[in-house]
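Worksheet: the structure to be examined is printed underneath.
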Amino acid sequence: MTIPHLQPSAARYYALRLLPGDEVFSRLRAFIQEQQIQAAWIAGCTGSLSHAALRFAGQDETTLLTGTYEVISLNGTLEWQGEHLHLAISDPQGAMLGGHMMPGCTVRTTLELVIGELTFLAFSRQPCAVSGYDELVISSR
């Protein structure tokens, strides 16, 4: 199997904490812009949300949830033009939900993040004829 455009890169990491009431998407976008990061991923995340916005698989609409949620997993890629993030959360009974993370997620107590930056690469998004979505394009800096 051949992997197209395989490009190694060094990495550096940033640690940040979001506070109660912070809207996660806007804070992540602001951070990426402020640091001028071109290719990043969520390396680690733990915390809680009072509001979650998820787009479930195969759905067009965003589902908005209000309550007490633990963040079980947040992963995906980020760049200047956008992001592709998936979120898994659990409610007080331990039931889990997950999907494509959308704007509208609000921190309840804390959200502790480690963000990795691939220092030799740049991410962008372009329309993909196969998937029908704007998909990740990886290039050298």
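For what it's worth, the working numbering labels the leading residue of the sequence shown as 3, then goes sequentially. All residues carry an ideal CB built from backbone N, CA and C; glycine is no exception.
Go ahead and pull the three-state DSSP assignment for residue i.
i	result
Phe122	coil
Leu8	coil
Ile91	strand
Leu21	coil
Arg143	coil
Glu72	strand
Ser52	strand
Ala59	coil
Gln128	strand
Ala41	coil
Ala32	helix
Gly96	coil
Which word fits residue i, buried or exposed, when buried means at least 16 other C-beta atoms lie within 10 angstroms of its C-beta?
i	result
Glu114	exposed
Cys47	buried
Tyr135	exposed
Ser133	exposed
Phe122	exposed
Ala97	exposed
Gln40	buried
Residue i and residue j look like a contact to me (Cβ under 8 Å); what is the Cβ gap, rounded to whole Å?
i	j	result
Gly100	Leu89	6 Å
Ile34	Leu80	5 Å
Val116	Ala17	5 Å
Val73	Ser50	6 Å
Leu30	Glu85	7 Å
Ser142	Gln9	6 Å
Asp93	Gly69	6 Å
Thr108	Ser52	5 Å
Report the option in the options whose CA atom is closest to the CA atom of residue i.
i	options	result
Thr65	Ala13, Arg57, Glu72	Arg57
Leu20	Gln38, Thr70, Ala32	Ala32
Pro129	Phe122, Thr121, Leu123, Leu138	Leu138
Glu59	Gln9, Met104, Arg127, Thr68	The sequence given here places Ala at residue 59; Glu does not occur at that position. The candidate whose alpha carbon is nearest that of Ala59 is Met104.
Thr112	Gly23, Ala45, Tyr15	Gly23
Trp82	Thr108, Ala42, Glu63	Ala42
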